[in-house]
Amino acid sequence: MSLVAFTALATVTLLLCVMTGPDRDDLDGFYTGYGSLSPMRNGLAIGGDYISAATVLGTGGIIALTGYDGVVLALSTALSLMLLMFLLAEPLRNAGRFTMGDAFARRMPGRSVRIAACVATIAALLPMMLVQLAGAGDLLAFILGFSGDGLKTGCVVALGALMISYAAIGGMKGTALIQILKMVMLLGSGAVVSVLVLHRFAWDPGALLSAAAQGSAAGPAFLHSGLQFAGGAHPRLDMITSELTVVLGGACLPHVTMRMYTARSAREVRRSMSWAVSTVALFMLIIAVVGFGAAALVGRAGITAADPQGNTAYLLGSQAAFGADASWAETMLFTTVTTAIFLTLLASVAGMILACANSLAHDVFAHRRRQISPRREMTLARGSALVVGLVAIGLATLVQHRNLQPLVTLSFCVGASALAPALVYGLFWRRFTRTGLICTLIGGTLTVYVLMTGTNLVSGSPTSAFPEHDFNWFPFTTTGLVSIPLGFALGWLGTVLSARRAADEQRRQYEAVEAWILAGANKSSPSGD
15 MSLVAFTALA
25 TVTLLLCVMT
35 GPDRDDLDGF
45 YTGYGSLSPM
55 RNGLAIGGDY
65 ISAATVLGTG
75 GIIALTGYDG
85 VVLALSTALS
95 LMLLMFLLAE
105 PLRNAGRFTM
115 GDAFARRMPG
125 RSVRIAACVA
135 TIAALLPMML
145 VQLAGAGDLL
155 AFILGFSGDG
165 LKTGCVVALG
175 ALMISYAAIG
185 GMKGTALIQI
195 LKMVMLLGSG
205 AVVSVLVLHR
215 FAWDPGALLS
225 AAAQGSAAGP
235 AFLHSGLQFA
245 GGAHPRLDMI
255 TSELTVVLGG
265 ACLPHVTMRM
275 YTARSAREVR
285 RSMSWAVSTV
295 ALFMLIIAVV
305 GFGAAALVGR
315 AGITAADPQG
325 NTAYLLGSQA
335 AFGADASWAE
345 TMLFTTVTTA
355 IFLTLLASVA
365 GMILACANSL
375 AHDVFAHRRR
385 QISPRREMTL
395 ARGSALVVGL
405 VAIGLATLVQ
415 HRNLQPLVTL
425 SFCVGASALA
435 PALVYGLFWR
445 RFTRTGLICT
455 LIGGTLTVYV
465 LMTGTNLVSG
475 SPTSAFPEHD
485 FNWFPFTTTG
495 LVSIPLGFAL
505 GWLGTVLSAR
515 RAADEQRRQY
525 EAVEAWILAG
535 ANKSSPSGD
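Residue numbers for the sequence shown follow my numbering, so the first one is 15 and each next one is one higher.
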């Protein structure tokens, strides 16, 4: 039944992309979908891009295995989107046109700025794409009941090809429709499962938490902080920096920020973000209920037997909510849950491929010394989607047998350590210079990649990516303790060391567009390239 549902869903969503895809020379249609979505639909699309399969499966697993720490992670995830809503959404929409490179080039015209933005975009999103693609094979194996490595690899390749098609054919509007459908299915099916879980415990949250603590094999520690990081050298500090990384990094990932450019006005971007924050907060509540339900009804042993990291806890909790003898209607509902997860995988990677392809085509190829026609830029964007997707598929097949948690963390760390400082400085600091921006983007990204090799997620523990080795020289789960302050420091240092004449000129350029960026004034002015 799940296989039939997956096939039908893939066919329908691909047809939607073909029907809504832009013409060959319609750049506004491909990059922004004409800004044609209402605030509610655009908010659902933003929430869909923000909620990846790693969020659904990973956060659900952490809640089921570590309890309180997982709930804090879910709250941090919702808080991150609120940060984007209140601090960055409107200035980003005012400053940018199609990509994050546009937002930076508004005040610092130049190809080097656009190339640095493209490098940071790919560095932030490629690891997350590998996680989603590699996890697709394991998820389908779990749902459909096969275990062969060849079949898993085939699933990765087939799903990757489908995701490339979504991005290349549908553009922004096509992927937005898929994200909306994904959020409706996730919220609808998740809400029903949450109700069933609470019903199993007589609508008593206290009874659910007590049963979850007992099933977790951790006892009272399950309902207190510190269980997730208990094995580390500095558990309290590790937890704080991990949550800070999620709050700063999640809000600034390029596939999320690109949705700001699809709103027609500042008022609409505010309303869209209100819908996005509400839907994400509601889904975080659903994940918490289902995660605790998995701990209570399945138990830690059953969860880790299916997956040591607990990535199948959301599905196991949903399955357990129906009981041993599920009716036909309950079987159909569980099929809806699995189909929603399947669509989440497809939609998440399609959005990330689109963000990388847009940046490559628009920031790198379209802004050379010689301008290119809209039709050629559209061809380059679709070709870039193909190249990015093929690279992601190839790498995913190589890493699919490893623990992929370091790659998820890597994406959030780049967002928090390189993109967040660059956006905050670039949108709000008058003295910020081109040198400071490039130092932040490139220096912050390189710092994260170097430090990540020494974290305890990569080596030094049985659950690390390389459990047979131990080169754990940075004993934390994330790089945020060093990389976040260093990212901000590099931007400040690069600005201070910039030539005075160049710094004064770039300050005047910012002051010329400051009212536009911060308040949307003079929106008809030409873009600064």
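For every residue, glycine included, the Cβ atom is placed at its ideal position computed from N, Cα and C.
The model shown is predicted, which means the values in this text are computed figures rather than measured ones.
* Closest by C-alpha distance to Gly72, when choosing among Met142, Ala226, Gly365, Arg55 -> Nearest Cα to Gly72 within the set Met142, Ala226, Gly365, Arg55: Met142.
* **Candidates Pro388, Ala68, Met15, Ala232, of which the one nearest Pro12 by Cα** => A question about residue 12 goes unanswered here, because the residues of the chain that appear run from 15 up to 543.
* To do: Return yes when the Cβ of Thr454 is within less than 8 angstroms of the Cβ of Ala517, no when it is not.
  => Contact: no.
* Only counting runs of 4 or more residues, tell me where the alpha helix (DSSP H) segments fall wholly within the segment 53-83, in order along the chain. => 53-64, 74-80, all fully within the segment 53-83.
* Note the first and the last residue of the continuous alpha helix (DSSP H) segment covering Trp530. => First-last of the alpha helix (DSSP H) with Trp530: 514-533.
* Asked: If you check the beta carbons only, do Cys169 and Gly151 fall under 8 angstroms apart?
  -> In this structure, Cys169 sits near Gly151, with a CB-CB distance shorter than 8 angstroms.
* Measure the Cβ-Cβ separation of Ala315 and Ala334 and say whether it is below 8 angstroms. => Annotated as distal: Ala315 and Ala334, with beta-carbon spacing of 8 angstroms or more.
* Asked: Do the CB positions of Thr491 and Leu471 come within less than 8 angstroms of each other?
  -> One thing to note: Thr491 has its Cβ within 8 angstroms of the Cβ of Leu471.
* To do: Taking all protein chains shown into account, decide if Pro540 is buried (16 or more other Cβ within 10 angstroms of its Cβ) or exposed.
  => Residue placement at Pro540 is poorly supported in this model, since its pLDDT is 39, which falls under 50; the coordinates still yield a value, given next. Around the beta carbon of Pro540, fewer than 16 other beta carbons lie within 10 angstroms, which makes this residue exposed.
* Asked: According to the neighbour-count rule (16 or more other Cβ atoms, all chains shown, within 10 Å of its Cβ), is Gln385 buried or exposed?
  -> Counting Cβ neighbours within 10 Å, Gln385 comes out exposed, since fewer than 16 surround it.
* Ser478 - DSSP class collapsed to helix/strand/coil -> Coil at Ser478, not helix or strand.
* Count the C-beta pairs between the segment 76-91 and the segment 223-234 that are closer than 8 angstroms, then say yes if the count reaches three, no if not. => A contact exists between the segment 76-91 and the segment 223-234.
* To do: Identify whether Ser208 lies in helix, strand or coil by the three-state DSSP scheme.
  => In the structure shown, Ser208 sits in a helix (DSSP, three-state: H, G or I).
* **Whole-number beta carbon distance between Leu97 and Ala302, since they are thought to touch under 8 angstroms** => Not quite, the Cβ-Cβ distance comes to about 20 angstroms (not below 8 angstroms), so this is no contact.
* Alpha-carbon spacing of Gly365 relative to Arg273, whole angstroms -> So the two alpha carbons sit approximately 10 angstroms from each other.
* Own chain, CB closer than 6 angstroms to Thr411, minus 5 neighbours either side, in chain order -> Taken in chain order, the residues that qualify are Thr167, Val170.
* **Whether Leu299 touches Asp83 by CB criterion (8 angstroms)** => No, Cβ-Cβ distance for Leu299 and Asp83 is not below 8 angstroms.
* To do: Kindly indicate which residue of Thr469, Gly494, Gly501, Pro499 has the alpha-carbon position closest to the one of Phe488.
  => Checking every option, the nearest Cα to that of Phe488 belongs to Thr469.
* Asked: Who are the near neighbours of Tyr109 in its chain, counting only those whose CB is closer than 6 angstroms to its CB and skipping five residues on each side?
  -> The question names Tyr, yet the displayed sequence has Ala at residue 109. Closer than 6 angstroms at Cβ, skipping near neighbours: Ala117, Arg120, Ile531.
* Residues near Glu344 by beta carbon distance below 6 angstroms, same chain, minus five either side -> For Glu344, the CB contacts under 6 angstroms within the same chain, skipping 5 residues up- and downstream, are Phe336 in chain order.
* Asked: What are the start and end residues of the alpha helix (DSSP H) that includes Gln333?
  -> For Gln333, the enclosing alpha helix (DSSP H) begins and ends at 327-335.
* Given that a residue counts as buried once 16 or more other Cβ atoms are within 10 Å of its Cβ, and exposed if not, what is His213? -> Its Cβ having fewer than 16 others within 10 Å, His213 is exposed.
* To do: Measure the Cβ-Cβ separation of Ala225 and Ala327 and say whether it is below 8 angstroms.
  => No; because the gap between Cβ atoms is not below 8 angstroms, this pair is not in contact.
* **Coil, strand or helix - Ser362 by DSSP** => Correct three-state label for Ser362: helix.
* To the nearest angstrom, report how far apart Thr21 and Gly185 are at their CA atoms. => Cα to Cα, Thr21 sits roughly 22 angstroms from Gly185.
* Minimum C-alpha distance to Ser52 - residue among Met15, Arg284, Gly245 -> Taking each of Met15, Arg284, Gly245 in turn and checking the Cα distance to Ser52, the smallest one comes out for Arg284.
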